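See below for the structure under consideration.
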Amino acid sequence: MSEPTTPGAFPRRDFLKAGGALMVGFAIGVPVAAQQPAAGLPGAPDPNRLDTWVAIHSDNTATIFIGFVELGQGNSTALLQIAAEELDLEMSQVKTERVETGKTPNQGGTVASASISRGGPQIRLAAAEARQALLGLASVRLGVPPERLMVSRGVVSVVGEASTSVTYGALIGDRRFDVTYTGEAPLKDYRSYTVVGTSVPRHDIPAKARGTYVYMHHVRVPGMLHGRIVRPRGQGAYADGLRVVSVDPSSIDGIRGARVVRRRDFIGVVATDEWGAVRAAQQLKVVWDTPASLPATPAALFERMRSSPTIDRVAHDVGDTTAAFPTAAHVVARRYDAPYQAHAPFGPNCAIADVKGESAVVMCSSQNVYLSRTKLADVLQMPEQQITVQYYEGAGAFGHAPYNDAAQAAAVMSQEVAAPVRVQFMRWDEIGWDNYGPAHTSDVKIATDANGKFVAYEYHGWQHTWSQTDTTAQLAAGRPPTESATEGTRAQLVSTFNAGDMHVLPNWRIVNHRVPGMKGFLKGQSLRSPLDIAISFGSEQVVDELAYLANMDPYLFRRQNINGDRWLAVLTAVAEAAKWAPRRAGANVSSARVVTGRGIALGTHLASYGAAVAEIEVDTQTGVIVAKRMYGAIEAGQIVNPGIVESQITGMLIQAASRVLKEEVTFSPTGVTSVDWVSYPILRFAEAPEVTAVIVRRQDQPSTGAGEEAVAAGAAAIANAFFDATGVRLQEFPMTPARVLAALKKEGRA
Amino acid sequence: MPTTLTVNRRVVEVEAAPDTPLLYVLMNDLELQGPRFGCGLAQCGSCSVLVDGVETRSCVTPLERVAGKSITTLEGLSAWYAQQKKLATAPDLHPLQQAVIDEQAIQCGYCYNGLIVKGAELLSQNAQPTDQQIRTAMNGHLCRCGTYPRMMKAIQRAARTMAGGAA
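Which chain is which? The protein sequence lines are A and B, in order.
Residue 1 is where the first sequence starts when you use the numbering used here, and the numbers rise one by one after that.
Residue 1 is where the second sequence starts when you use the numbering used here, and the numbers rise one by one after that.
Quick look at the structure:
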């Protein structure tokens with residue numbers, strides 16, 4: 001090609017000229033002393049040292065070392081706001097570093113809305129500790145006690161004598177604090193905040209709009225080969241693994257520079273150019289042994305879950321539901337089924353690995369670089385300390401997409417061919433070999449007295465837990481398909497938070513029926529608000545049915561049963577936003593072809609409070625549901641950045657509509673059949689509802705997470721709106737045209 | 001034999017095989033970051049570019065089919081806009097890129113190459129699109145994060161900016 005001459009036209013070259021890091025060499029920069037791992041720890045900087053968290057530079061700026069990754073939801077901006085606030089710096093004076101093993105602190109995974117709720121207090125304390133240390137230094141330098149000092153924009157001055165001042169940068173610029181992180185430094189009163197609680201623009205958005213943001217997919221390294229994995233299109237049952245019967249390397253002979261990479265049952269191809277790798281992966285002839293052990297239909301999946309031997313645990317048992325139900329005026333008992341759903345990040349997972357004899361560097365879009373490193377060490381049979389894992393943002397995945405699988409695939413191929421290898425999943429690899437949000441089936445039984453007050457609530461849920469073995473580890477290293485421990489984390493189970501917390505329940509019982517062994521099931525992992533859509537879809541529909549039996553408006557019915565001020569606040573806020581006028585649901589059902597309805601629902605994940613209203617249209621001839629308007633309210637304690645939280649609420653409601661109306665992993669006995677955007681449809685632009693996002697602020701409360709807590713309520717509100725429109729209830733989602741028409745026909749409505 | 005094409009108003013020659021999808025040429029040979037792989041099936045729009053002003057899925061467009069044609073990527077959008085509007089100098093960003101920033105529309109942003117390219121094409125053909133026209137025009141572009149409502153606002157804002165004569 002001819003050499004471009006004008007800067008701006010070809011940004012990567014400009015980036016290189018500017019000394020940027022897009023073309024990344026594998027020589028890892030010598031870490032500054034402040035970030036040296038402490039002795040005895042597996043490479044993570046010592047969390048008990050202040051230098052692990054904060055570095056002040058000579059130019060009076062600060063680097064905050066954050067262990068949480070930016071997943072495209074804005075958490076990195078919010079965490080920097082917390083640091084800037086406590087350090088009395090402006091946003092332009094703080095930045096963070098790429099998350100990397102051995103360099104950034106190990107704050108655990110970026111999961112379960114933990115960035116602000118768990119990471120926020122850690123960052124806040126570290127920043128406060130740094131401010132305290134800096135004030136101590138300034139006190140000595142200026143010869144006045146710390147109590148007489150004030151800070152603005154990183155300039156410490158004497159109260160009343162603005163000219164007597166020193167900057168943070170002059171006090172310690174680029175030198176270590178060398179002090180212990182006690183976690184006891186005094187914190188600012190939230191009422192004095194000027195940065196936290198404001199809608200600071202996200203720091204990553206300009207580069208993303210410009211096209212200069214470096215996603216994982218943009219990284220290239222010298223000497224790199226392009227790799228692709230070769231697997232059947234669509235995984236089979238997790239417990240079966242996958243066996244290669246034969247491979248015919250000659251089938252890709254015509255593709256220049258392409259070769260097969262095999263380790264046990266792992267098959268991949270590498271090529272010098274990307275198109276060669278893509279073609280080779282499609283053209284390579286492999287005969288697979290694919291057992292036919294998945295259920296034949298979705299209905300058979302739920303029967304398999306219910307008929308399997310289960311490990312039953314009572315998660316919650318208050319009062320005596322068995323005694324209470326017979327005393328009730330109204331009892332509704334229903335079964336609900338919820339499908340496997342995919343993460344399906346818009347850009348499929350991508351990773352680069354350079355594995356040498358004694359060391360390895362792996363770049364990927366992991367939610368937890370330290371855990372990814374542990375898993376890589378096992379697959380590569382290399383000590384963890386010799387592996388560096390660097391985070392590069394991929395496309396939004398909203399949970400545990402197969403980023404470890406991609407990282408391990410790149411690492412295995414690099415180890416085999418002794419060169420750096422870049423692996424990018426194809427669309428069918430990503431959706432077809434995802435760790436799906438697990439399917440769920442439930443029996444929900446709730447009762448009220450004659451006044452519409454809850455008497456008893458009982459929820460039985462069936463689900464398997466989460467797969468722990470990544471497919472590359474399974475195929476290349478022969479690792480057995482393990483699952484998470486019996487109890488799992490709360491996110492894997494039905495709990496009080498998502499099943500009943502919003503109501504006053506005198507008798508309340510929750511039972512988890514765990515299906516162990518994962519035989520005949522698909523890989524499963526966390527997907528935004530795990531299980532909650534399934535739970536609210538059932539629970540909130542039964543609540544709605546009871547409101548109907550009590551001849552009450554569903555909003556007023558929930559109000560009279562509401563559990564506490566915080567649930568009441570979101571319920572009220574969403575009803576006000578939607579200008580909810582009370583009436584009984586289903587009162588306006590008509591015989592028109594296109595009917596309209598509205599629904600309201602409550603829901604959450606593990607903390608925070610969510611409520612939603614949906615207004616929908618149903619075409620009774622085609623069965624198509626369109627969500628026209630949605631309203632969502634959440635209360636998540638202290639809000640760091642309202643603009644970002646509103647953006648999250650909007651996204652959550654759109655995803656709720658997508659998941660409850662359209663998304664379902666389909667399969668045949670031998671494998672998954674939803675492998676692209678046609679066979680795994682998501683909500684499209686023209687189908688998107690108008691959205692109103694409402695935040696209920698409680699700045700006095702700890703932040704509890706705002707990235708997943710409105711999804712369940714949004715989905716359940718749509719389900720309830722369907723009844724309001726048609727007088728018919730659906731007990732399975734997604735609410736596809738086929739299911740809608742079948743349900744209407746069964747009830748004589750179509 | 002090298003293929004000659006124009007990318008962001010620059011004539012370039014590339015050595016890639018003629019059947020190579022344009023996307024891989026733009027990403028690997030020309031080192032551009034706007035167009036990116038999403039599906040390889042023309043289903044999602046993350047790879048979109050303008051070919052002679054028409055939004056095109058570069059992941060399924062063989063290099064040989066765009067020989068001699070003019071390709072505009074996200075990186076070249078403001079220059080393309082300036083040329084259309086006969087502006088003396090190209091603004092730093094296309095008005096839609098600026099509107100996307102002003103509306104804080106983006107979440108992960110991976111799909112925004114396609115959303116912006118398609119939105120810019122729409123605005124070049126219809127200076128004041130209605131909501132329904134925006135929904136119809138943008139319907140071939142998916143977004144996993146659910147930012148459609150904010151992108152709608154960004155397109156409306158850009159239309160106002162462009163009508164006001166400001167860059």
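Built from N, CA and C at the ideal position, the CB exists for glycine as well.
On a predicted model such as this, the values are computed, not experimentally measured, just so you know.
Answer yes or no: does any C-beta atom of chain A fall closer than 9 Å to that of residue i?
| i | result |
| --- | --- |
| Ala158(B) | no |
| Tyr110(B) | yes |
| Val100(B) | yes |
| Thr73(B) | yes |
| Ala16(B) | yes |
| Tyr148(B) | yes |
| Asn113(B) | yes |
| Gln33(B) | yes |
Quick check on residue i: buried or exposed, where buried means 16 or more other Cβ atoms within 10 Å of its Cβ?
| i | result |
| --- | --- |
| Val270(A) | buried |
| Pro145(A) | exposed |
| Pro129(B) | buried |
| Ile446(A) | buried |
| Lys86(B) | exposed |
| Ser591(A) | exposed |
| Pro516(A) | exposed |
| Gln415(A) | buried |
| Ala39(A) | Here the model assigns Ala39(A) a pLDDT of 39, short of 50, so the residue's position is not dependable, and the following value carries that caveat. That one is exposed. |
| Pro2(B) | exposed |
| Asp88(A) | buried |
| Pro174(A) | The sequence given here places Asp at residue 174(A); Pro does not occur at that position. Classification of Asp174(A): exposed, given that the 10 Å Cβ count is below 16. |
| Ile311(A) | exposed |
| Leu16(A) | With a pLDDT of 30 at Leu16(A), under the threshold of 50, the predicted position of this residue should be treated as unreliable, and no value is reported. |
| Lys375(A) | buried |
Short check: CB of residue i to CB of residue j, under 9 Å?
| i | j | result |
| --- | --- | --- |
| Ile634(A) | Val694(A) | yes |
| Val369(A) | Thr101(A) | yes |
| Met151(B) | Glu75(B) | no |
| Ser365(A) | Gly394(A) | yes |
| Leu751(A) | Leu475(A) | Outside the shown range of chain A (1 to 750) lies residue 751(A), about which nothing can therefore be said. |
| Ala67(B) | Tyr81(B) | no |
| Pro35(B) | Leu26(B) | yes |
| Ala456(A) | Ala324(A) | yes |
| Gly120(A) | Gly67(A) | no |
| Leu661(A) | Ala627(A) | yes |
| Leu251(B) | Ala207(A) | In the structure as shown, chain B starts at 1 and stops at 167, and residue 251(B) therefore has no counterpart that could be examined. |
| His226(A) | Glu184(A) | no |
| Ser484(A) | Gly461(A) | no |
| Val107(B) | Gln81(A) | Note that residue 107(B) corresponds to Gln in the displayed sequence, not to Val. No. Outside cutoff. |
| Gln184(B) | Gly211(A) | Outside the shown range of chain B (1 to 167) lies residue 184(B), about which nothing can therefore be said. |
| Val94(A) | Ala128(A) | no |
| Arg598(A) | Ala614(A) | yes |
| Asp204(A) | Thr77(A) | yes |
Is the Cβ of residue i closer than 9 Å to any Cβ of chain B?
| i | result |
| --- | --- |
| Lys208(A) | yes |
| Gly25(A) | The pLDDT assigned to Gly25(A) is 32, lower than 50, so where the model puts this residue is not dependable, and the model offers no usable value. |
| Trp275(A) | yes |
| Gln731(A) | no |
| Met426(A) | yes |
| Ile682(A) | yes |
| His217(A) | yes |
| Phe398(A) | yes |
Can you tell me the Cβ-Cβ gap for residue i and residue j, rounded? I've got them flagged as a contact below 8 Å.
| i | j | result |
| --- | --- | --- |
| Phe685(A) | Asn139(B) | 5 Å |
| Tyr110(B) | Ser46(B) | 6 Å |
| Gly399(A) | Leu522(A) | Their Cβ separation, rounded to whole angstroms, is 15 Å, which puts Gly399(A) and Leu522(A) out of contact at 8 Å. |
| Cys145(B) | Gly651(A) | 5 Å |
| Ala575(A) | Ile600(A) | 7 Å |
| Arg636(A) | Ile718(A) | Sequence inspection shows Ala at residue 636(A); the Arg mentioned does not correspond to that position. Between Ile718(A) and Ala636(A) the Cβ distance is about 22 Å, and since that is not below 8 Å, they are no contact. |
How would you list, in chain order, the residues of chain D whose beta-carbon sits under 7 Å from the beta-carbon of residue i?
| i | result |
| --- | --- |
| Met138(B) | Here the protein chains are A and B, and chain D is not one of them. |
For the segment 130 to 154 of chain A, which segments carrying the beta strand (DSSP E) assignment without a break, of at least 3 residues, lie completely within its bounds, in sequence order?
DSSP runs (the beta strand (DSSP E)) wholly in the segment 130 to 154 of chain A: 149 to 152.
Quick check for students: name the residue ranges of the beta strand (DSSP E) that lie wholly in the segment 73 to 108 of chain A, counting only runs of 3 or more.
Listed in chain order, the complete beta strand (DSSP E) runs (minimum 3 residues) inside the segment 73 to 108 of chain A are 94 to 96.
Return the chain-ordered ranges of every beta strand (DSSP E) run that is complete within the segment 9 to 51 of chain B and spans a minimum of 3 residues.
With a minimum length of 3 residues, the continuous beta strand (DSSP E) runs that stay inside the segment 9 to 51 of chain B are 10 to 14, 48 to 51.
Which runs of the alpha helix (DSSP H), 4 residues or longer, sit entirely within the segment 453 to 483 of chain A?
Counting whole runs of 4 or more residues, the segment 453 to 483 of chain A contains the alpha helix (DSSP H) stretches 471 to 476.
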